[in-house]
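Accompanying notes for the structure given below.
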Amino acid sequence: MKTFAKYLAVLAVMAFFITPIIWTAITAIKPTELISSSPVVWFFRPTLDHFRVIFFEDNILGPLVNSTIIAVLSTLGVLAIAAPASYALSRFRIPFGSQLASYFLSARMAPPVTVVLPLFLIFRNLNLIDTHTALIAIYITVNMPFAIWMIKGFFDEIPKELDEAALLDGCSRFHAFVRIILPLTAPGLAATAIISFIFAWNEFLFAILLTNFHARTLPVAASALMTDRMVLWGELCATALVIYLPVVLFAMLVRKYLIKGFTFGAVVQ
Amino acid sequence: MIAMTVCPSIYTVALSLCRWNLTFGRPITFIGLSNYQAILASPDFWASAVRTFWYVGACVTVEFVLGILIAFLLDTEFIGRNVVRALILLPMVMAPVVAGLIWRFIFNDEWGLANDIIHVFGIGNKAWLVDPSLAFFAVIVADVWQWTPFIVLVTLAGLQAVPRELTEAARVDGASWLQIQRFIVLPTIRSVLAIGLLIRLIDAFRSVDQIFVMTYGGPGVATSVLGFYTYLKGFKFFDMGYTAALGLIMLFIISVLAQSIIRMMMRTKES
């Protein structure tokens, strides 16, 4: 009886959290005329029409390419800066190093609306509105604190004696870092990269305010399918899946590290 | 890093002391603290602040109660446990905009899933996103859906640190389930929960994306929480100085909140 109640509870939990996702997937392959029927139709002949429309008529390829370029380049930028920075924080005594945590936290607290306002004005003066560069620069900045904190955690786990032995053997600091420390922390670095990619890929507010056509990203394109008069639900759900599927794949890959990433490395799973 | 965070901060502070509306093309004029005075005297601001208080309070409370209960449930042994624990993270990696759009669809008053579900209980169609209080409820449900899994995973991570020998020994000595939770489990996971609370409070307070696509602050101003209110002031009305001041007031509120949680954490650590 008790086990039965338990399975029922698990089922209820799953129903709440998974149904919206399944419903989206079903709507994405449902013929348009059945989408707006009530009660909801669950059985029908699936169609790929909505995907055809978003890829060949609405041209979602542009935003898809933009999102990919921006997320990938910003992630590489984050890694290129965060890895050496966290190595320094982990190995050397840096002035104000211990205060960095609270500085990072305060950066996280700022409402994005506050940050985006001056950035909007600055980028406007630099003629960088609606460019990849603007969003890449912002995402690098936004993701840097969590990345530094997370990577520092991985470096801290590697004994200092290892670098010191390498130095004694005539290795330079740089070589010790590149040849020994980086390969040892490769899984952690990869996880950090993937989480940073997810954050950049999903971001909306900066993207909608700083792009309009040329550098429009996927979340902005999705919101644009919602016009004042009507919402193209079939196309919207198909777009939602295009945005969501890569993230699901990545999230499953870094499942072990996900909570660490979402809590600035404060909670280890 | 510093260029991208410190410069905008200084810029924002300076802006908040000026009158500058982009739509009128008038030159920037220094007006001291007038923006702050205007905000604090504005009934719209206070209405939005109160709304934000209820929104954040409701979201975070429900997420915590649900999240901790679910975590306890998923911590027990059952078939398919690993699959369930993997699937539960799905909502939280979805782009908040996409989640907002999907929930807008579910709460559609003509053919959304929400109405189908309440039909089962014999309740007729509800105009979810048209009725102000239902819309407020709807945006909370969307946030709860997306972020309860975060609390679940944080709690599960904390539960791993609970010493099993200790709980076993307590059980053998005749401690009840509730006593074990109260005296062994809770003290162990308290600091992890505090971090979860801190992050959720900050993010719920700043959230814009979901409301932006679900209701656009409406109907009327029913779901216009401070994050969205600030956005409107800045990018619909282009009142730059006013928006900068609003943002700084928000930042101040969050900092006070966060500081008090951090201090609470420190105190429990010491005791």
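Just so you know, the sequences run in chain order A and B. The opening position of the first sequence corresponds to residue 1 in the numbering used here, with each subsequent residue numbered one higher. The opening position of the second sequence corresponds to residue 1001 in the numbering used here, with each subsequent residue numbered one higher. Think of the CB as a built atom: it goes at the ideal place given N, C-alpha and C, for glycine as much as any other residue. On a predicted model such as this, the values are computed, not experimentally measured, just so you know.
Taking CB distances under 8 Å as the criterion, tell me whether residue i reaches chain B.
i	result
residue 23 of chain A	yes
residue 204 of chain A	yes
residue 262 of chain A	yes
residue 259 of chain A	yes
residue 252 of chain A	yes
residue 108 of chain A	yes
residue 243 of chain A	yes
residue 233 of chain A	yes
residue 255 of chain A	yes
residue 37 of chain A	yes
residue 279 of chain A	Because chain A spans 1 through 269 in this model, residue 279 of chain A falls outside it and cannot be assessed.
residue 17 of chain A	yes
residue 126 of chain A	no
residue 75 of chain A	no
residue 53 of chain A	no
residue 223 of chain A	yes
residue 226 of chain A	yes
Since residue i sits in a beta bridge, which residues does DSSP pair it with?
i	result
residue 1030 of chain B	B:1018
residue 1239 of chain B	B:1021
residue 231 of chain A	A:226
Determine the extent of the alpha helix (DSSP H) in which residue i is found, giving its start and end residues.
i	result
residue 355 of chain A	It is not possible to answer for residue 355 of chain A, since the shown part of chain A is limited to 1 through 269.
residue 214 of chain A	Per DSSP, residue 214 of chain A belongs to no alpha helix (DSSP H) and is neither H nor E.
residue 1165 of chain B	1164 to 1172
residue 7 of chain A	2 to 28
residue 137 of chain A	132 to 156
residue 37 of chain A	Looking at the DSSP string, residue 37 of chain A is not in any alpha helix (DSSP H), and its letter there is neither H nor E.
residue 1131 of chain B	Where residue 1131 of chain B is concerned, there is no enclosing alpha helix (DSSP H), given that its DSSP letter is neither H nor E.
residue 1091 of chain B	1090 to 1093
residue 1075 of chain B	1043 to 1075
residue 201 of chain A	186 to 202
So, does the CB of residue i fall closer than 8 Å to a CB anywhere in chain A?
i	result
residue 1240 of chain B	yes
residue 1168 of chain B	no
residue 1096 of chain B	yes
residue 1187 of chain B	no
residue 1135 of chain B	no
residue 1231 of chain B	yes
residue 1127 of chain B	no
residue 1084 of chain B	yes
residue 1049 of chain B	no
residue 1063 of chain B	no
residue 1206 of chain B	yes
residue 1162 of chain B	no
residue 1056 of chain B	no
residue 1008 of chain B	yes
residue 1053 of chain B	no
residue 1012 of chain B	yes
residue 1213 of chain B	yes
residue 1223 of chain B	no
residue 1090 of chain B	yes
residue 1261 of chain B	no
residue 1244 of chain B	yes
So residue i and residue j are supposed to be a Cβ contact under 8 Å. How far apart are they, rounded?
i	j	result
residue 215 of chain A	residue 66 of chain A	5 Å
residue 1089 of chain B	residue 1107 of chain B	Incorrect: roughly 24 Å between the Cβ atoms, too far for contact.
residue 74 of chain A	residue 136 of chain A	5 Å
residue 1208 of chain B	residue 113 of chain A	7 Å
residue 53 of chain A	residue 235 of chain A	6 Å
residue 185 of chain A	residue 261 of chain A	Rounded, the Cβ-Cβ distance is 15 Å, inconsistent with contact.
residue 1222 of chain B	residue 1135 of chain B	5 Å
residue 1016 of chain B	residue 1258 of chain B	Rounded, the Cβ-Cβ distance is 21 Å, inconsistent with contact.
residue 18 of chain A	residue 1087 of chain B	6 Å
residue 1110 of chain B	residue 36 of chain A	7 Å
residue 51 of chain A	residue 238 of chain A	5 Å
Buried or exposed: residue i, going by 16 or more other Cβ atoms within 10 Å of its Cβ?
i	result
residue 56 of chain A	exposed
residue 1035 of chain B	buried
residue 94 of chain A	exposed
residue 1210 of chain B	buried
residue 152 of chain A	buried
residue 1203 of chain B	buried
residue 1067 of chain B	buried
residue 187 of chain A	exposed
residue 7 of chain A	exposed
residue 157 of chain A	exposed
residue 162 of chain A	exposed
residue 1249 of chain B	buried
residue 1083 of chain B	exposed
residue 1103 of chain B	buried
residue 27 of chain A	buried
residue 1239 of chain B	buried
residue 1115 of chain B	buried
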